[in-house]
Amino acid sequence: MIQARFGLKCLPFDKSIATDDLYRWPGLEELTVRLEMAKSARGIMLLTGEPGTGKTVAIRRFVDSLSSEHYVCCYLPLATVTILDAYGQLNRALGGVDARSKSQMFEQIQRGVAELTNQGKQPVIIFDEADLLKSAMFDELRILLNFEMDSKDPLLLILVGQPQLLAKLALRIHLPFRQRVAMRYRMPPMDEEQTRGYVDHHLKLAGRRQKLFTDEAMMQLFVQSGGVPRVVGSLALTAMTEAALGGKDLVGLEEVIAASREVV
Ligand SMILES: Nc1ncnc2c1ncn2[C@@H]1O[C@H](COP(=O)(O)OP(=O)(O)OP(=O)(O)O)[C@@H](O)[C@H]1O
Ligand SMILES: [Mg+2]
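If you read the sequence shown in the numbering used here, its first letter stands for residue 24, the second for the next number, and so on.
Here it is as structure tokens:
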């Protein structure tokens, strides 16, 4: 209904957006620069941000940019997995054969990393939703990443998560892990102008070039969403549905306020 009403070729704010189509706002550009720096420096990077700020899509874009000739990437999306599961997945991604015991896997992972390094390939290991990692996992990772008596950083480990990740790592027991963090970035929300750009970008991808939201509606989208991309998207879609149901050609303030009662 939205599509026909507003002349769109598909629904906007699609979750499966191609990484090339992402809206390049300063928050994403700065993260990209830091990821590139971390890629060369290696070691541990922390990426935090409120839910829906675009951490996972930015990481998806970074992973897509890595050439398979020089990088081997292991992306672990569910940080609630047990230590054994995480070891198993890492081991497989690094080319190791299945092993039963933790110590065997540990050895294989370390050997796998060393072999890849010899072949001129750098492993990039990413734990998404790392705020859910169990405390013991930070120690495991620190020990696992200890190469040649801690004298080398052959890989890049990126922990992605909500701000609670930092609170968890602030505990004194995690000091040794924290001291090894070489790069940090906190994804900010978008400001008003960026939020407007974000909405226009998604609408353009869906085939709409003319204005669809009134100025007041756009301003209200920012106020109600706090500039968080996921919230902007659901508010905008709900407001568009309201407007379509009301037979309107533009989405106004009234529809955004009605949408915010449902969404936020
Ligand atoms: N730069 C962008 N361009 C286009 N869409 C974006 C952009 N950033 C975020 N989005 C959209 O916003 C939504 C939320 O993004 P994402 O899932 O990456 O957030 P997140 O920070 O990983 O959230 P969570 O903490 O809940 O995992 C997605 O649907 C995504 O497509
Ligand atoms: Mg995410």
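Where is the CB? At the ideal position from N, CA and C, for every residue including glycine.
Let me know if residue i comes out buried or exposed under the rule of 16 or more other beta-carbons within 10 Å of its beta-carbon.
{"i": "L198", "result": "exposed"}
{"i": "A27", "result": "exposed"}
{"i": "T71", "result": "buried"}
{"i": "A41", "result": "exposed"}
{"i": "A190", "result": "exposed"}
{"i": "K144", "result": "buried"}
{"i": "I148", "result": "buried"}
{"i": "V56", "result": "exposed"}
Kindly list the residues whose CB is nearer than 8 angstroms to the CB of residue i, restricted to its own chain and excluding five residues on each side of it in sequence; keep chain order.
{"i": "V254", "result": "G75, Q247, S248, V286 and V287"}
{"i": "A61", "result": "M68, L179, I181, A205 and M206"}
{"i": "D44", "result": "L228"}
{"i": "L31", "result": "I25, L226, A229, G230 and R231"}
So, with DSSP's three-state summary, where would you put residue i?
{"i": "G256", "result": "helix"}
{"i": "G50", "result": "helix"}
{"i": "A205", "result": "strand"}
{"i": "F29", "result": "helix"}
{"i": "M160", "result": "helix"}
{"i": "P35", "result": "coil"}
{"i": "G184", "result": "strand"}
{"i": "I280", "result": "helix"}
{"i": "K175", "result": "strand"}
In its own chain, which residues sit with a C-beta less than 6 angstroms from the C-beta of residue i, not counting the 5 before and 5 after it?
{"i": "Q243", "result": "L276 and V279"}
{"i": "T237", "result": "L273 and G275"}
{"i": "P211", "result": "G50"}
Cβ atoms of residue j and residue i: under 8 angstroms apart, would you say?
{"i": "F29", "j": "L268", "result": "no"}
{"i": "V86", "j": "L117", "result": "no"}
{"i": "L167", "j": "I132", "result": "yes"}
{"i": "D151", "j": "Q185", "result": "no"}
{"i": "W48", "j": "Q233", "result": "no"}
Would you please verify whether the beta carbon of residue i is less than 8 angstroms from any beta carbon of chain D?
{"i": "R284", "result": "Protein chain content of the structure displayed is limited to a single chain, and chain D is not contained in it."}
What residues in its chain sit with their C-beta under 7 angstroms from that of residue i, if we drop five residues either side in the sequence?
{"i": "V251", "result": "E73, G75, T76 and P212"}
field: beta strand (DSSP E) runs contained entirely in the segment 43-97, provided each spans 3 or more residues
entry: 66-72
query: Where in the segment 220-264 do unbroken runs of the alpha helix (DSSP H), each at least 4 residues long, occur, reported from the N-terminal end onward?
result: 238-248
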